[in-house]
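This report concerns only the one structure given below.
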Amino acid sequence: MDIVVKGRNVEVPDHYRVHVAEKLAKIERYDHKLIRVDVELFHERNPRQSDTCQRVEITCVSRGPVIRAEACTNDFYSALDAAIAKLDTRLRRAADRRRVHRGRHAPLSVAAATADLPVAGLGALAPSGGTATATAVEERPDEYEDQPWHIARAKVHPAEPMTVDDALFQMELVGHDFYLFHDKETGRPSVVYRRHAYDYGIICLDT
Numbered sequence: 001m002d003i004v005v006k007g008r009n010v011e012v013p014d015h016y017r018v019h020v021a022e023k024l025a026k027i028e029r030y031d032h033k034l035i036r037v038d039v040e041l042f043h044e045r046n047p048r049q050s051d052t053c054q055r056v057e058i059t060c061v062s063r064g065p066v067i068r069a070e071a072c073t074n075d076f077y078s079a080l081d082a083a084i085a086k087l088d089t090r091l092r093r094a095a096d097r098r099r100v101h102r103g104r105h106a107p108l109s110v111a112a113a114t115a116d117l118p119v120a121g122l123g124a125l126a127p128s129g130g131t132a133t134a135t136a137v138e139e140r141p142d143e144y145e146d147q148p149w150h151i152a153r154a155k156v157h158p159a160e161p162m163t164v165d166d167a168l169f170q171m172e173l174v175g176h177d178f179y180l181f182h183d184k185e186t187g188r189p190s191v192v193y194r195r196h197a198y199d200y201g202i203i204c205l206d207t
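Here the sequence shown is numbered in my numbering, starting from 1 and rising by one per residue.
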């Protein structure tokens with residue numbers, strides 16, 4: 001398992017890289033097929049955000065789904081601990097799902113549990129970040145440099161058809177509030193998203 005540590009607006013010292021490697025050594029117990037773990041450090045320069053100025057994002061790439069976690073605190077060590085705690089929960093959830101697929105009794109799916117919930121208000125997407133499918137294959141932020149608006153990051157993802165339940169599961173693994181996917185049952189581009197409390201919504205394009 002390769003561990004790549006990099007920083008934005010901050011220089012990452014060698015002793016912190018060693019600390020990250022030691023902290024992440026235990027996560028392989030959940031998935032022995034982990035290929036790479038990307039750890040990215042962000043420093044927010046705005047003094048008004050001093051309590052959450054240090055952010056750590058961790059992305060695990062394996063032969064299965066991408067699993068991601070992030071946390072913000074006032075120092076990189078506690079942010080790393082908080083992000084790893086989230087990552088640990090999501091890796092355990094993915095490991096449990098793999099065991100279910102190998103023949104163990106399956107728990108009630110998220111889609112089945114929320115099937116009877118009202119779906120009003122589908123016109124508003126959650127504002128925070130999301131992803132399309134498992135692994136980005138291309139990132140092209142330069143296309144928008146001459147535009148009056150600003151897009152910090154643009155990604156292209158492979159679109160493998162999946163069920164709504166699988167899309168909700170992937171959304172929970174990456175910790176986002178919405179997830180773009182190709183619906184296996186309808187063939188439509190669709191988005192599942194988090195609503196109030198434990199409700200979910202779905203938006204489909206009629207092509």
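Even for Gly, the Cβ is constructed at its ideal location relative to N, Cα and C.
Since this is a predicted model, take the numbers as computed values, not measurements.
Compute the Euclidean distance between the alpha carbons of residue i and residue j, then round it to the nearest angstrom.
i, j, result
"D206", "S190", "9 Å"
"C72", "Y30", "24 Å"
"E185", "K23", "41 Å"
"K26", "L91", "11 Å"
"D88", "H157", "25 Å"
"H15", "F76", "12 Å"
"R97", "T59", "19 Å"
"C204", "D81", "37 Å"
"A159", "R188", "11 Å"
"A95", "R45", "38 Å"
"Q170", "H176", "9 Å"
"I151", "C53", "21 Å"
Classify residue i as helix, strand or coil using the three-state DSSP reduction.
i, result
"A208", "This structure gives no information on residue 208, because the portion of the chain shown stretches from 1 to 207."
"K23", "helix"
"M162", "strand"
"Y16", "helix"
"M1", "coil"
"A113", "Caution is warranted here: a pLDDT of 44 is assigned to A113, below 50, making its placement in the model unreliable, and the coordinate value is therefore given only provisionally. Correct three-state label for A113: helix."
"I84", "helix"
"T59", "strand"
"R195", "coil"
"V37", "strand"
"Y77", "helix"
"V174", "helix"
"P107", "The pLDDT assigned to P107 is 44, lower than 50, so where the model puts this residue is not dependable; a value taken from the coordinates is nonetheless given after this. It is coil, neither helix nor strand."
Identify, in the order they occur along the chain, each residue of the same chain with its Cβ nearer than 8 Å to the Cβ of residue i, setting aside the five sequence neighbours on each side.
i, result
"K33", "S62, R63, G64"
"E28", "M1, L34"
When the distance is taken between beta carbons, is residue j closer than 8 Å to residue i?
i, j, result
"V39", "V18", "no"
"V174", "R68", "yes"
"L168", "Y198", "no"
"F178", "Y193", "yes"
"L41", "V12", "yes"
"H43", "V20", "no"
"E70", "A83", "yes"
"R48", "A79", "no"
Output needed for residue i: all residues of its chain with C-beta closer than 6 Å, excluding positions within five of it in sequence on either side, in chain order.
i, result
"D2", "R36"
"P161", "H182, K184"
"D51", "N74"
"R195", "G201"
"G7", "L41"
"E57", "E40, E70"
"T163", "K184"
"E172", "none"
Can you name the residues that DSSP bridges to residue i?
i, result
"R8", "F42"
"D183", "M162"
"G201", "Y193"
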